[in-house]
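Q: Sequence order for the protein chains is C and S. The working numbering puts the first residue of the first sequence at 83, with every later residue one more than the last. The working numbering puts the first residue of the second sequence at 2, with every later residue one more than the last. By construction, the Cβ of each residue, glycine as well, lies at the ideal position given by its N, Cα and C atoms. Only a predicted model underlies this, so the values are computations on that prediction, with no experimental measurement involved.
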Amino acid sequence: MEIRRRKDQIELSELDPFLAELLRQIPASADPGGVPAAEQRLFSPPTNGKKETEMCAEWKMYVEPELRRLFQTATQTVAADLEQLNRNEKAFANRVLRIPTKHADAWLSALNQARLVIAAKNNFTENELNDHFRSPIGSRRDLSLFQVNFYGFLQEFILRELEC
Amino acid sequence: MSCGPRQPGACLVQIKGMEGTTHASNELAGTITTVEPTTEKEARSEEDLDVPWQVVVHNDPVNLMSYVTMVFQRVFGYPREKAERHMLEVHHKGRSVLWSGMRERAELYVQQLHGYLLLATLEKAC
Chain C
83 MEIRRRKDQI ELSELDPFLA ELLRQIPASA DPGGVPAAEQ RLFSPPTNGK
133 KETEMCAEWK MYVEPELRRL FQTATQTVAA DLEQLNRNEK AFANRVLRIP
183 TKHADAWLSA LNQARLVIAA KNNFTENELN DHFRSPIGSR RDLSLFQVNF
233 YGFLQEFILR ELEC
Chain S
2 MSCGPRQPGA CLVQIKGMEG TTHASNELAG TITTVEPTTE KEARSEEDLD
52 VPWQVVVHND PVNLMSYVTM VFQRVFGYPR EKAERHMLEV HHKGRSVLWS
102 GMRERAELYV QQLHGYLLLA TLEKAC
């Protein structure tokens with residue numbers, strides 16, 4: 083896979099079918115799917131104070147729906163960009179994905195949502211998350227960890243491009 | 002004071018003594034309806050209003066350090082060096098106080114930080 087900035091786009095080329103599939107999985111991976119640990123991570127309480135139950139209740143009522151909309155808008159933008167990967171080409175051919183830089187914030191958010199949800203669902207430890215060179219992929223858990231790291235790599239690249 | 006959904010918890014305090022009577026006339030029916038003023042409660046103590054609140058960001062192993070730095074720069078307008086200092090404090094000490102002041106503004110900051118998926122809370126300053 084190659085990743086580079088081309089004018090107002092970030093271009094991911096030479097995408098093999100495996101990485102293309104991981105990218106396609108971003109919107110689905112960002113969905114907490116009713117798993118409490120994932121829900122709680124995306125929608126954390128505004129305070130740790132046990133006395134602030136009223137504040138937490140109001141937060142749930144007023145802020146959480148706004149956050150849900152915000153997160154959903156980002157994943158929808160990313161899903162629309164990912165449509166490029168579904169064009170009728172040879173199934174095993176390498177693909178190209180072009181991300182408009184104006185969608186960079188949506189990508190950062192969706193990638194972050196996906197990483198947090200996957201980590202919460204798998205209950206990854208800090209050691210596992212810091213082990214960037216773990217290989218080979220021998221289990222579903224390994225694959226999920228690879229996914230978190232791959233999405234993190236993309237985030238880093240987008241962040242670097244935003245700074246330029 | 003506006004009580005919109007963007008300011009959770011910010012509208013619990015309502016000022017006493019704002020009594021007034023609103024008259025809604027219904028000319029066709031020839032009647033005047035008197036709307037009683039609402040009795041407003043003071044739900045927050047003075048202490049709540051006086052004590053400064055802190056915006057605290059907590060460590061989490063998933064968010065990237067570069068991402069957290071960018072969020073601090075965007076939300077608080079901090080220069081990169083200051084944003085990085087706070088990010089490193091979160092990373093090494095588990096938490097960092099990013100801002101302290103009035104509760105309403107602190108709530109808004111926490112909401113923004115949650116929008117960026119950071120673990121942030123509101124705490125009363127000691």
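State the beta-bridge partners of C:P182 as determined by DSSP.
A: Partner(s): C:Q91.
Q: Would you mind working out which of C:P182, C:S226, C:Y233 sits nearest C:T207, comparing C-alpha positions?
A: Closest by alpha carbon: C:S226.
Q: Using DSSP bridges, identify the partner residues of C:I85.
A: Answer is C:L94.
Q: Among the candidates S:A126, S:C127, S:A121, whose CA atom is the shortest distance from the CA of S:D61?
A: When only C-alpha atoms are compared, the closest one is S:A121.
Q: Return the CA-CA distance between S:V91 and C:V145, expressed in angstroms with no decimal places.
A: Looking at the two C-alpha atoms, the distance is approximately 24 Å.
Q: Three or more C-beta pairs under 8 Å: does that hold for the region 151-158 of chain C against the region 77-86 of chain S?
A: Contact between the region 151-158 of chain C and the region 77-86 of chain S is absent, because fewer than three Cβ pairs lie under 8 Å.
Q: In three-state DSSP terms, what is C:Q237?
A: Three-state DSSP puts C:Q237 in a helix.
Q: Does S:M103 have its Cβ less than 9 Å from a Cβ in chain C?
A: Chain C, which has no Cβ nearer than 9 Å to the Cβ of S:M103, makes this no.
Q: What residue does the beta strand (DSSP E) around S:Q55 start on, and which one ends it?
A: Counting along the chain, the beta strand (DSSP E) containing S:Q55 begins and ends at 54-59.
Q: Assign S:A107 to one of two classes, buried (16 or more other C-beta atoms within 10 Å of its C-beta) or exposed (fewer than that).
A: It counts as buried.
Q: Use the C-beta contact count for C:D163: other C-beta atoms within 10 angstroms, 16 or more gives buried, fewer gives exposed.
A: It counts as buried.
Q: Using alpha carbons as the reference points, say which of S:L89, S:R104, S:Y117, S:R75 lies closest to C:M137.
A: Checked all of S:L89, S:R104, S:Y117, S:R75; the closest Cα to C:M137 is S:R104.
Q: Could you have a look at S:G5 and say whether DSSP puts it in helix, strand or coil?
A: Only weak support is given to the placement of S:G5: the predicted model assigns it a pLDDT of 31, under 50, and the value that follows is read from those uncertain coordinates. Three-state result, S:G5: coil.
Q: Shorter than 9 Å from the beta carbon of S:G95 to some beta carbon of chain C?
A: S:G95 does not count as touching chain C.
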